[in-house]
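Sequential numbering from 6 applies to the sequence shown in the numbering used here.
The beta-carbon is built from N, C-alpha and C at its ideal position, and this holds for glycine as well.
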Amino acid sequence: MNTRTDPQLLEPQNMTANGTQNLSHLSNAHLDALEEETIFILREVAAAFERPALLFSGGKDSLVMLKCAEKAFGVGRIPYPLLMIDTGHNFPEVTDFRDFRAKELGAELIVRNVEDSMKRGTVRLAHPGESRNVHQSVTLLEAIEEFRFDALIGGARRDEEKARAKERIFSHRDSFGQWQPKAQRPELWTLFNTRLAPGEHFRVFPISNWTELDVWQYIDREQIALPSLYYTHQRPVVDRRGLLVPVTELTPAKDGEEVQLRDVRFRTVGDITCTCPVESTAATPADIVIETLAADVSERGATRMDDKTSDASMEKRKKDGYF
Numbered sequence: 006m007n008t009r010t011d012p013q014l015l016e017p018q019n020m021t022a023n024g025t026q027n028l029s030h031l032s033n034a035h036l037d038a039l040e041e042e043t044i045f046i047l048r049e050v051a052a053a054f055e056r057p058a059l060l061f062s063g064g065k066d067s068l069v070m071l072k073c074a075e076k077a078f079g080v081g082r083i084p085y086p087l088l089m090i091d092t093g094h095n096f097p098e099v100t101d102f103r104d105f106r107a108k109e110l111g112a113e114l115i116v117r118n119v120e121d122s123m124k125r126g127t128v129r130l131a132h133p134g135e136s137r138n139v140h141q142s143v144t145l146l147e148a149i150e151e152f153r154f155d156a157l158i159g160g161a162r163r164d165e166e167k168a169r170a171k172e173r174i175f176s177h178r179d180s181f182g183q184w185q186p187k188a189q190r191p192e193l194w195t196l197f198n199t200r201l202a203p204g205e206h207f208r209v210f211p212i213s214n215w216t217e218l219d220v221w222q223y224i225d226r227e228q229i230a231l232p233s234l235y236y237t238h239q240r241p242v243v244d245r246r247g248l249l250v251p252v253t254e255l256t257p258a259k260d261g262e263e264v265q266l267r268d269v270r271f272r273t274v275g276d277i278t279c280t281c282p283v284e285s286t287a288a289t290p291a292d293i294v295i296e297t298l299a300a301d302v303s304e305r306g307a308t309r310m311d312d313k314t315s316d317a318s319m320e321k322r323k324k325d326g327y328f
């Protein structure tokens, strides 16, 4: 399904003196089809697998997916638990909201921590300041083994990063939890091959066909509550290699860097050590829809330090078991 914005979906526009366009209205009629597809996939997972779980971070994509699950099954009736892999360096605003939303829905929430993997010795940091983000793969695979999950539902989208564009909606993982791009199964129409050998599992991505713009239009339409980090707020940052790095205890300013107080928001939220905000005064979902229309860099490209290490960094992590 192609969900790219069609210029014909735009209502009449007004031109300012400098030639920029003010959009008076952007059609969201296509959201019904995206929502219907997502609900179908969520129900298909419940029917096809014995022990699925929904990966839930408290971020915008997982909250959109949770809203669709609520529509698919009803409040208090989501048939699989929510699973969060916590690095210990997540933004407290996000983890607090995660707990609140799970309790509000009456959903089972399972949290597994990278710090516990470090204590077991299955995760070893190269140095104390190393980001724990990449090590979530180990903790995730340990949780899969602990609970014998046969399907994990994630909120990844194909427009986020080129490696994710290779992913199927039902993405097969081998007995080592690894993703092999060349071994992915064809998906014709809405027919999904969910056959598994012992020890294997699937990662399922119900909002694969959504874009960042679709997500924000849906948040606006459905009035989905989000952690406050997604909206404009003042935060001390430093400009580092073109990214606005938040100044925190985990990410202090380096010698010679100038700390500035800027109006920013987060396009995506993850581990504090690798997630950056963007400059913005957008205070509502509607404001962010307008900003997103003008964006020429993907949200991960604009905000994630861990994707800057190499052109193939995401693909390598996915092959190792990453989300």
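Query	Result
Using CA atoms only, rank isn't needed, just tell me which of P232, Q183, G261 is closest to S142.	Q183
Between the beta-carbon of I115 and the beta-carbon of P86, is there less than 7 Å?	yes
Would you mind reading off the limits of the alpha helix (DSSP H) that contains L298?	290 to 299
What whole-angstrom Cβ distance do V99 and L234 have, given they're in contact under 8 Å?	7 Å
Count the CB pairs spanning the region 264 to 273 and the region 228 to 242 that are closer than 8 Å, and state whether there are at least three.	yes
Express the C-alpha separation of N198 and E192 in angstroms, rounding to a whole number.	8 Å
Specify the secondary structure class of E120 as computed by DSSP and reduced to three states.	helix
In this structure, how does DSSP classify E109 when only helix, strand and coil are distinguished?	helix
Please name the residue in R208, W215, F271 whose C-alpha comes closest to that of L88.	R208
Count the other C-beta atoms from every protein chain shown that fall within 10 angstroms of the C-beta of T286, then say buried if there are 16 or more, exposed otherwise.	exposed
Check whether the region 142 to 160 touches the region 49 to 67, taking contact to mean three or more Cβ pairs, one atom from each stretch, closer than 8 Å.	yes
Determine the closest residue to A230 out of I44, S303, L68, with distance taken between C-alpha atoms.	L68
Excluding the five sequence neighbours on either side, which residues of its own chain have a C-beta within less than 8 Å of the C-beta of L329, listed in chain order?	This structure cannot speak to residue 329, because the chain is shown only from 6 to 328.
Could you have a look at P84 and say whether DSSP puts it in helix, strand or coil?	coil
Let me know the secondary structure DSSP gives H53 once reduced to three states.	As written in the sequence, residue 53 is Ala, which differs from the His given in the question. A53 falls in the helix class under three-state DSSP.
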